[in-house]
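Colleague:
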Amino acid sequence: MARQRRPRLAIVGLGLIGGSLGLALKSAGSDYEIIGHNRHYEAAGQAMKAGAVDRAEWNLPRAVDEADVVVVAVAPRAIETVFRDIAPYLRPGTIVTDVGSTKVDVLAWAESILPSHADFVGGHPMAGKELSGIAAADAALFRGATYCIVSGTRSTARGIDTVAAIARAVGARPYFLEAAEHDSYVAAVSHVPFIAAASLVGAVSAAPGWTDMARLAAGGFRDSTRTASADVDMHTDICLTNREAIVQRLDQLLATLADVRQSVTAGDEDAIRQFFLSAKETRDQWLANRVIPPGAAAVLPMPERPGLSELLFGGLGRNRRDRDASQ
Numbered sequence: 001m002a003r004q005r006r007p008r009l010a011i012v013g014l015g016l017i018g019g020s021l022g023l024a025l026k027s028a029g030s031d032y033e034i035i036g037h038n039r040h041y042e043a044a045g046q047a048m049k050a051g052a053v054d055r056a057e058w059n060l061p062r063a064v065d066e067a068d069v070v071v072v073a074v075a076p077r078a079i080e081t082v083f084r085d086i087a088p089y090l091r092p093g094t095i096v097t098d099v100g101s102t103k104v105d106v107l108a109w110a111e112s113i114l115p116s117h118a119d120f121v122g123g124h125p126m127a128g129k130e131l132s133g134i135a136a137a138d139a140a141l142f143r144g145a146t147y148c149i150v151s152g153t154r155s156t157a158r159g160i161d162t163v164a165a166i167a168r169a170v171g172a173r174p175y176f177l178e179a180a181e182h183d184s185y186v187a188a189v190s191h192v193p194f195i196a197a198a199s200l201v202g203a204v205s206a207a208p209g210w211t212d213m214a215r216l217a218a219g220g221f222r223d224s225t226r227t228a229s230a231d232v233d234m235h236t237d238i239c240l241t242n243r244e245a246i247v248q249r250l251d252q253l254l255a256t257l258a259d260v261r262q263s264v265t266a267g268d269e270d271a272i273r274q275f276f277l278s279a280k281e282t283r284d285q286w287l288a289n290r291v292i293p294p295g296a297a298a299v300l301p302m303p304e305r306p307g308l309s310e311l312l313f314g315g316l317g318r319n320r321r322d323r324d325a326s327q
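Using our numbering, you'd call the opening residue of the sequence shown number 1 and step up by one each time.
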């Protein structure tokens with residue numbers, strides 16, 4: 001009896017997230033054969049040398065044409081181009097997912113570009129750092145992170161369960177939500193914060209005396225502006241693919257800043273104190289209620305039953321309510 005081949009996973013884009021995903025799956029003892037593709041072949045070679053992929057494939061069609069799962073790990077606006085490039089080469093039943101920071105546009109692209117025989121499930125691990133590229137990849141990057149899973153009209157239970165299994169394998173916690181819901185939430189807790197960080201750097205550095213102020217800047221300034229050092233192209237793409245939600249959240253932030261400005265101008269001690277007290281209590285409660293703080297969870301092994309081979313070659317998954325209840 002012929003031996004069943006290992007399920008094959010192709011990662012398109014071997015930067016921080018794509019490279020970390022490969023390293024994390026390898027560290028978890030995944031039974032996937034991992035094929036890596038990157039526009040710059042040097043990065044693919046680095047990923048292979050680091051052990052993030054089993055094989056580097058410079059030709060994109062060959063990277064995906066025999067894959068059971070394709071993970072698109074490129075900047076948000078590049079996802080559309082990758083979908084167009086891989087669409088003719090996807091086999092029936094191929095599961096396609098992404099790791100992009102926005103989802104409404106990505107799901108629309110998937111439904112209009114990918115073939116009907118492909119199974120698309122959106123993904124977004126809430127993990128990262130200000131460094132970018134394969135050199136910054138880290139097998140522990142996803143430990144304890146929330147891994148957003150966003151389904152669409154092309155998603156099947158098998159595809160959703162496979163992406164959820166990958167998330168658990170790298171130590172993350174799957175979280176199921178709708179595309180518009182996702183984009184609104186991440187605009188608030190991820191996108192506006194890096195805009196605020198860059199704005200603070202821009203405002204302070206443009207002011208007279210920045211050279212002297214820079215000598216005084218210490219931990220508070222460093223921590224508040226950390227994300228201003230992250231990938232510029234990635235941040236640009238995020239702003240352009242999540243405009244509506246970001247503008248709405250920016251308006252909320254600007255309204256809050258206007259209130260604080262008014263309180264400070266008036267010397268309203270009670271209002272100023274309440275502003276800081278409310279923020280402190282909210283943040284302290286958020287920290288205390290986090291189920292798995294980043295870095296606290298060990299990488300989980302790939303589940304044996306149902307196995308990835310079963311998920312990929314015929315096993316159907318549970319419904320959303322059952323998946324949510326199991327978290």
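Yeah, the Cβ is synthetic: ideal placement off N, Cα and C, and Gly gets one too.
(1) Have a look at ALA139, PRO208, MET213 and ALA47 and flag the residue whose alpha-carbon is nearest the alpha-carbon of TYR27.
(2) Over what stretch of residues does the alpha helix (DSSP H) that includes VAL64 continue unbroken?
(3) When you compare the CB positions of ILE272 and SER278, do they come within less than 8 Å of one another, or not?
(4) Here's a check: name, in chain order, each residue in its chain whose Cβ is nearer than 8 Å to the Cβ of GLU178, leaving out the five neighbours to either side.
(5) Within this structure, are the beta carbons of LEU90 and VAL82 separated by less than 8 Å?
(6) Take every Cβ of the segment 186-200, pair it with every Cβ of the segment 242-256, and state whether three or more of those distances are shorter than 8 Å.
(7) Do GLY152 and PHE176 count as a contact pair if the criterion is CB distance below 8 Å?
(8) For PHE276, count neighbouring C-beta atoms within 10 Å of its own C-beta (all shown protein chains included) and say buried if the count is 16 or more, exposed if not.
(9) Shortest alpha-carbon distance to ARG62 belongs to which of ILE35, VAL71, PRO7 and GLN46?
(10) If you draw a straight line from the C-alpha of ASP98 to the C-alpha of CYS148, how long is it?
(11) From this set, TRP109, PHE142 and ILE238, which residue's C-alpha is nearest LEU23's C-alpha?
(12) Need the endpoints of the beta strand (DSSP E) that ILE149 sits in, please.
(13) Name, in chain order, the residues that DSSP records as bridge partners for ILE86.
(14) What is the DSSP secondary structure of VAL189, counted as helix, strand or coil?
(15) What does the Cβ neighbour count give for GLY329, buried or exposed, with the cut at 16 atoms within 10 Å?
(16) Determine whether the beta carbon atoms of ARG226 and GLU130 lie at a separation below 8 Å.
Modeller: Reading from the atomic positions:
(1) For the purposes of this step, residue 27 is taken as the residue at position 27 of the sequence shown. The amino acid occupying residue 27 in the given sequence is Ser; Tyr does not appear at that position. That would be ALA139, whose Cα lies nearest to the Cα of SER27.
(2) Within the sequence shown, numbered from 1, the residue matching residue 64 stands at position 64. Counting along the chain, the alpha helix (DSSP H) containing VAL64 begins and ends at 60-64.
(3) Here residue 272 corresponds to residue number 272 of the sequence shown, with the count starting at 1. Here residue 278 corresponds to residue number 278 of the sequence shown, with the count starting at 1. No.
(4) On the sequence shown, position 178 is the one that residue 178 refers to. Taking GLU178 as the centre and dropping the five residues before and after it, the same chain places the C-beta of VAL150 closer than 8 Å to its C-beta, in chain order.
(5) Position 90 of the sequence shown holds residue 90. Position 82 of the sequence shown holds residue 82. Contact flag unset, no.
(6) The segment 186-200 is in contact with the segment 242-256.
(7) Indexing the sequence shown from 1 puts residue 176 at position 176. Indexing the sequence shown from 1 puts residue 152 at position 152. The Cβ atoms of PHE176 and GLY152 lie no closer than 8 Å to each other.
(8) For the purposes of this step, residue 276 is identified with residue 276 of the sequence shown, where counting begins at 1. It is exposed - the Cβ of PHE276 has fewer than 16 other Cβ atoms within 10 Å.
(9) Position 62 of the sequence shown, counting from 1, holds the residue named residue 62. For the options ILE35, VAL71, PRO7 and GLN46, the alpha carbon positioned closest to that of ARG62 is the one of ILE35.
(10) Sequence index remark: in the sequence shown, residue 98 carries index 98 (1-based). Sequence index remark: in the sequence shown, residue 148 carries index 148 (1-based). ASP98 and CYS148 have their alpha carbons spaced roughly 11 Å apart.
(11) Locating residue 23 in the sequence shown gives position 23, where the first residue counts as 1. Comparing alpha-carbon positions, the option among TRP109, PHE142 and ILE238 lying closest to LEU23 turns out to be PHE142.
(12) Counting from 1 along the sequence shown, the entry for residue 149 is found at position 149. Run containing ILE149: 146-151, per the beta strand (DSSP E) assignment.
(13) Taking the first residue of the sequence shown as 1, we reach residue 86 at position 86. DSSP, once it has assigned bridges, lists no residue as partnering ILE86.
(14) The residue labelled residue 189 in the question sits at position 189 within the sequence shown. The DSSP-derived three-state label of VAL189 is helix.
(15) Given that the chain is displayed from residue 1 to residue 327, the structure contains no residue 329 and the question cannot be resolved.
(16) As a first step, residue 226 must be located in the sequence shown, where it is residue number 226. As a first step, residue 130 must be located in the sequence shown, where it is residue number 130. Taking 8 Å as the Cβ cut-off, ARG226 and GLU130 qualify as a contacting pair.
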